[in-house]
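Below: the structure, in structure tokens.
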Amino acid sequence: MDGVSSDVLRLRAPRHQVSRKSITLWTLHALIGWTVLLVPQLVVLIFASSPWQLTAAIATLVLGTAHTLVMPRWRYRVHRWEATPDAVYTLAGWLNQEWRIAPVSRIQTVDTKRGPLQQLLGLSTVTVTTASAAGPVHIEGLDHADAVRLADELTTTTQATPGDAT
Amino acid sequence: MTTDLPSGMSSDLPADLPAAPEYAEPVVDWHRLDVRMLIVRPLNELIGLVPLLVGLLVIGGGETWRILTSLGVIVAIVLFGLLRWITTRYRITTEQVEMHTGLFVRKRLAVPRDRIRTVDLTAKLGHRLFGLSAIRVGTGQRDQPGEDGLTLDAVSSAEAERLRVLLLTIAKAENPAVTEVTAERPSVVLSKWDKSWLRYAPLTLSGLVAAGALFGFVMNFARELDIEVFDPMTQAAHWVAEQPIGLTVALFTGVVLLVATLGSVLVYVVQFWGYQLTREPDDTVRVRRGLLTTRSVSVAEQRLRGVELVEPLLLRAGRGAHAKTVTTGLGRKGESNLLLPPAPVTEAHRVSAAVLRQDESPTRTPLRRHPPAALRRRMVRAVVPLLVLAAVLAWFAPSWTWQVVLALVPFSAALGWDRYRSLGHALTDRYLLARAGSAVRETVALQRTGIIGWRISRSFFQRRAGLVTISATTAAGNGAYHVIDVAEADGLAFADEAVPDLLRPFLER
């Protein structure tokens with residue numbers, strides 16, 4: 014992907030992509046965020062316009078549009094996940110990216126969660142927590158059916174593992 | 430504070446838990462807290478309220494409402510203490526420690542005994558006068574933040590000591606291999622208070638903080654008592670201001686230094702007096718310390734995941750360091766993970782080795798440097814924000830401001846250079862070492878078996894520089910320890926070697 018020579022050690026991409034509907038979800042998130050920023054500026058602009066405020070509003074609009082167009086597609090190309098019998102492995106982010114690996118033997122809880130927008134789109138987030146305060150692994154934007162299946166699978170394998178996972 | 434732990438917590442334990450060895454369980458019925466708490470709790474709280482009460486009573490010249498208010502406050506405190514004593518009961522069964530408390534809001538807390546990681550005995554001044562001690566049981570359960578363990582405030586010191594041994598013994602019974610050997614070994618002193626360590630006190634800056642706090646308290650108190658302190662102080666300030674500038678600066682620096690030194694020595698003595706680090710016969714590591722409030726923190730040894738050496742800049746300049754444990758069940762707010770107070774760095778290494786039962790402290794392991802790209806990032810971060818600030822100031826502010834900012838650049842760059850020099854990582858046969866930081870340099874030695882996952886992050890700029898930050902997640906201490914800005918391939922190979930087979934399936938060449 015970076016064109017690095019092939020004998021350099023690196024992380025391979027996790028196997029599965031998230032649902033394509035995630036693009037819509039992230040677009041909606043971005044739209045809502047930028048609208049919240051933009052609307053007050055427009056209101057102010059209507060009642061008392063000054064060149065400064067106009068510049069700020071235009072800058073917000075341009076940045077917002079760019080972010081809303083670019084970020085979801087970029088994220089969709091990055092976000093990937095994989096669950097093997099031994100570990101859960103995810104890659105997330107866009108400008109800044111993060112790989113997370115949690116061994117199945119250390120998993121404490123597996124949850125699925127759906128916000129209102131996610132319900133609308135039939136998506137789910139699977140959250141896998143370990144005993145670490147810093148270590149939850151989130152798999153965002155799975156199809157709800159896939160998410161439930163994954164959570165069930167993980168719960169079953171986790172229960173088969175003895176110990177208190179610390 | 431804490432509500433019921435879900436009942437699932439104990440039932441999801443493996444069924445094949447060692448069928449509890451036949452302990453002579455001395456405690457099965459419900460116990461109350463020590464009756465002396467009826468006096469001690471109000472006493473402890475009244476000490477905090479003394480300024481207010483004095484203000485109300487003495488200064489008020491005996492107005493009726495002031496006396497009534499004071500009496501009301503005292504009665505409320507005493508009643509509250511009584512209620513608490515009446516409603517609080519605890520018992521220790523073979524499986525768990527239970528506590529019921531509260532009148533209007535009944536709380537039932539239960540901590541499974543095999544989840545107990547630490548036992549912390551704290552005796553405030555009031556407790557000590559009456560031979561009492563508060564006992565806090567830490568479990569290190571992370572899934573419910575703030576709902577971690579329980580506190581019995583307070584039982585008699587003898588009872589506290591008995592509970593400490595009892596609770597940590599069963600915690601250890603999880604590992605049947607060591608159960609038999611526990612008998613009659615004396616506790617071993619690993620390190621103890623040394624007067625010469627006081628020379629590190631001024632290097633901790635705690636004196637300045639303490640002096641500041643004390644100043645605030647005195648001013649507040651004075652205002653409460655309507656004592657006029659501002660006038661003499663303003664006069665003194667005027668007098669000082671009239672002297673030549675050199676004298677003023679010298680005087681001011683002198684006073685601050687003196688106060689900071691005295692204050693920090695005082696703070697050091699109050700916190701660490703009687704410091705003693707021991708390994709108890711039941712394989713717990715125990716830290717005792719404190720002049721007024723005494724504290725004793727015991728950590729089950731097999732819960733110890735490593736040691737962290739902390740060297741703030743000044744302390745490091747004086748070749749000193751302090752040390753913390755990396756333990757499940759400790760290290761968050763109100764819990765003390767202190768292993769060694771500020772002391773010579775050689776002592777810190779020695780104590781680390783002794784606590785971890787190693788011949789040579791892993792913290793002495795030579796560390797691998799990070800690539801030059803990491804230095805570049807440190808420098809950019811140190812210098813660029815200042816340059817931007819200077820540019821902005823040059824545009825908007827009087828000219829001396831940007832000159833001052835510009836003059837700071839060399840110092841900032843020096844810090845950046847030091848931050849780079851601090852970066853390092855290494856592996857020993859049992860420990861992962863990672864070091865970072867300049868103002869506070871922290872070196873962690875984390876047990877490789879204590880690593881329960883990896884996070885590998887790469888920001889946009891790190892990606893351009895070919896660097897990654899590798900974080901080892903763990904149930905202990907901070908939750909994650911970072912190897913910052915390591916070359917991507919080196920870092921991955923390092924993580925792969927540290928925990929065999931975890932990262933391997935996801936690597937490629």
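Residue numbers (the working numbering), protein chains in the order written: chain C, 14 to 179; chain S, 430 to 938.
Virtual Cβ for every residue (Gly too), placed ideally from N, Cα, C.
**Report entry** Sequence-distant residues of the same chain with beta carbon closer than 7 Å to A115(C), five excluded per side
**Finding:** A100, V101, V141, T143, G148, V150
Query raised in the report: Along the chain, where does the beta strand (DSSP E) that runs through Y102(C) open and close?
Result: 100 to 106
Requested in this report: Taking a Cβ distance cut-off of 7 Å, strictly less, list which residues of the segment 115 to 147 of chain C are near chain S, in chain order.
Outcome: A115, P116, R119, Q121, T122, T142, T143, A144, S145, A146, A147
Report task. Round the Cβ separation of R797(S) and A855(S) to the nearest angstrom and send it over; I've been treating them as touching at under 8 Å. Result -> 6 Å
Query raised in the report: Name the DSSP bridge partner or partners of Q66(C)?
Result: Per DSSP, none; premise fails for Q66(C).
Query raised in the report: Mind checking whether D463(S) and S562(S) have CB atoms under 7 Å apart?
Result: no
**Report entry** Counterpart residues of E527(S) in DSSP-defined beta bridges
**Finding:** R520(S), A539(S)
Query - Within 7 Å of chain C by C-beta, residues of the segment 881 to 899 of chain S in sequence order - result: I881, G882, W883, R884, I885, S886, R887, S888, F889
Report task. Give the residues of chain S in contact with R86(C), contact being defined as C-beta atoms less than 9 Å apart. Result -> Chain S residues near R86(C): none, gap ~16 Å exceeds 9 Å.
Query raised in the report: Can you give the beta carbon distance from T171(C) to V83(C), rounded, assuming they're within the 8 Å contact cut?
Result: Not a contact, Cβ separation roughly 38 Å.
Query raised in the report: In chain order, what residues of the same chain have a beta carbon less than 6 Å from the beta carbon of M528(S), not counting five sequence neighbours either side?
Result: Y519, L538, L579
Query raised in the report: In or out: H92(C) buried (at least 16 other Cβ within 10 Å) or exposed?
Result: buried
Query - For E709(S), the three-state DSSP class (helix, strand or coil) - result: coil
Query raised in the report: What residue from Q30(C), T103(C), E95(C), I120(C) has the CA that sits closest to Y89(C)'s CA?
Result: Q30(C)
Query raised in the report: Hey, would you say I152(C) sits closer than 7 Å to W94(C), going by beta carbons?
Result: yes
Query - Proximity below 7 Å, CB of T794(S) to CB of A905(S) - result: no
Query raised in the report: What first and last residue would you give for the beta strand (DSSP E) that runs through G683(S)?
Result: Careful: G683(S) lies outside any beta strand (DSSP E), inside the alpha helix (DSSP H) at 674 to 701.
Report task. Could you give the DSSP three-state label for I503(S): helix, strand or coil? Result -> helix
Query raised in the report: What residues are listed by DSSP as bridge partners for W182(C)?
Result: Limits of chain C in this structure are 14 at one end and 179 at the other, which puts residue 182(C) out of reach.
Query - Residues bridged to K753(S) [DSSP beta-bridge criterion] - result: E737(S), L767(S)
Query raised in the report: Would you say E111(C) faces chain S, with C-beta separation under 7 Å as the test?
Result: yes
Query raised in the report: In whole angstroms, what separates the C-alpha of L815(S) from that of A843(S)?
Result: 13 Å
Query raised in the report: With C-beta atoms as the reference, is L134(C) less than 7 Å away from K34(C)?
Result: yes
Report task. Compute the distance between the beta-carbons of G998(S) and A874(S), then report whether it is under 7 Å. Result -> Limits of chain S in this structure are 430 at one end and 938 at the other, which puts residue 998(S) out of reach.
Requested in this report: Under 6 Å Cβ to Cβ from D549(S), same chain only, skipping five residues before and after it: list those, please.
Outcome: R565, V726
Report task. Give me the Cα-Cα distance between V534(S) and V696(S), rounded to the nearest whole angstrom. Result -> 38 Å
Report task. Look at the alpha carbon of V813(S) and the alpha carbon of S828(S), and state the distance between them as a whole number of angstroms. Result -> 19 Å
Query raised in the report: Should Y629(S) and P741(S) be called a contact, given that it needs their Cβ atoms to be closer than 7 Å?
Result: no
Query raised in the report: Which residue from W668(S), A901(S), A823(S) puts its Cα closest to that of D925(S)?
Result: A901(S)
Query raised in the report: Looking only at its own chain, which residues have a Cβ that is under 8 Å from the Cβ of Q66(C), when we skip the five neighbours before and after it?
Result: Q54, V57, L58
**Report entry** G908(S): contacting residues in chain C (beta-carbon distance under 8 Å)
**Finding:** S145, A146, A147, G148
Report task. Please check if any C-beta of chain C sits within less than 7 Å of the C-beta of E590(S). Result -> no
Query raised in the report: The beta strand (DSSP E) spanning I564(S) covers which residue range?
Result: 561 to 567
Report task. Taking 7 Å as the cut-off, decide whether the C-beta atoms of S841(S) and R870(S) are in contact. Result -> no
Query raised in the report: Which of helix, strand or coil does DSSP assign to V483(S)?
Result: helix
Query - Beta-carbon contacts of D159(C) that lie in its chain and below 7 Å, excluding the five residues immediately before and after - result: none
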